[in-house]
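In what follows, a structure is listed as structure tokens, so that the remarks can point back to it.
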Amino acid sequence: MNAHILSIASCATSLSPGQDIRLFPSGSFSAVDGRPGALEGTKITAWKIDAQTAARVIADFQGKARDLVIDYEHQSMYAVDNGLPAPAAGWIKNLLWQEGTGLLARVEWTARAAEMIRSGEYRYISPTFSFDPKTGAVTALLNAALTNNPALPGLGEVLARYFPPTKKEQDTVSLAAIAQALALAETASEQEIVTALTAMQSRMEKAEAMLLSTVTSRGNIY
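Structure (structure tokens):
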């Protein structure tokens, strides 16, 4: 059994530029679908974080001696597979424990992300973390993402799903990201995406042919 299991959590804490954001609530927390109890390799019914646990998480963060990235929709995890950019939305500069509230992150947002948060385009934070499968204690924060799909709307708890995602989950995320890049609906089918890509390739080939024809007629081929 692995010493630590990774999870992604969607925290429904509303965001606002310039304020500390809560990553985890103080005490025990679990998801409405039974996780982490439903996760393979665990026998726990809840995740946990208290002052002592938080101190270790903070020490681990400080030991990395670098800021942790906050991206958009966890694209950093899928960039290798889908080939799309994974720009930073912000950087976690520091972690703080607030008794009775939980683990907070002090964030330096990019100008773009700050504007998107102010305008309501993004509202929630989703941390990626590791935890002890025997105790449920959070052991390290790995990164986080802006999201609009919180697990428990209106609450400060989290919903974690097993990490790494299955091949099916990876494909779903990849298709959604590709659809967005093609200006299609995120729910576009695989066939719709293939059709759009084929049309794009056709347009590019026609444009290249026109350009080649133009420069050839002028006697200048570079």
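Take the sequence shown: its letter number 5 is residue 6 in our numbering, and every next letter is one higher. Glycine included, each C-beta is placed from N, C-alpha and C at the ideal position.
By how many angstroms is the C-alpha of residue j removed from the C-alpha of residue i?
i    : j    : result
Q192 : A56  : 49 Å
V70  : W110 : 10 Å
I50  : I93  : 19 Å
R119 : P18  : 7 Å
W29  : G101 : A small fix is needed here, since residue 29 is Ser in this sequence, not Trp. Looking at the two C-alpha atoms, the distance is approximately 12 Å.
P37  : A66  : 30 Å
G121 : E187 : 19 Å
Considering only their Cβ atoms, is the gap separating residue j from residue i smaller than 8 Å?
i    : j    : result
A87  : D21  : no
P128 : A112 : no
L142 : L24  : yes
T136 : I59  : no
A189 : A200 : no
P134 : G42  : yes
Ordered along the chain, which non-local residues of its own chain (more than five positions away) have a Cβ less than 8 Å from that of residue i?
i    : result
A138 : W48, K49, I50, T54 and F132
L185 : E193, I194 and A197
D68  : W92, I93, K94 and E109
Can you list, in chain order, the residues of its chain with a C-beta nearer than 6 Å to that of residue i? Leave out the 5 residues immediately preceding and following it.
i    : result
L147 : Y73, A90 and Y123
A80  : A87
M78  : none
N95  : R107
K168 : At K168 the pLDDT is 47, less than 50, meaning the model places this residue with poor confidence and gives no usable figure here.
A114 : A90 and G91
For residue i, which residues from the same chain have a beta carbon less than 7 Å from its beta carbon, with the 5 sequence-adjacent residues on both sides left out?
i   : result
A52 : W98 and E100
D61 : A141
Would a check of beta-carbon distances place residue i closer than 8 Å to chain B?
i   : result
L96 : As a matter of chain content, chain B is missing from the structure shown, which is built from one protein chain.
Contiguous beta strand (DSSP E) assignments of at least 3 residues, all confined to the region 88-118: 91-99 and 103-110
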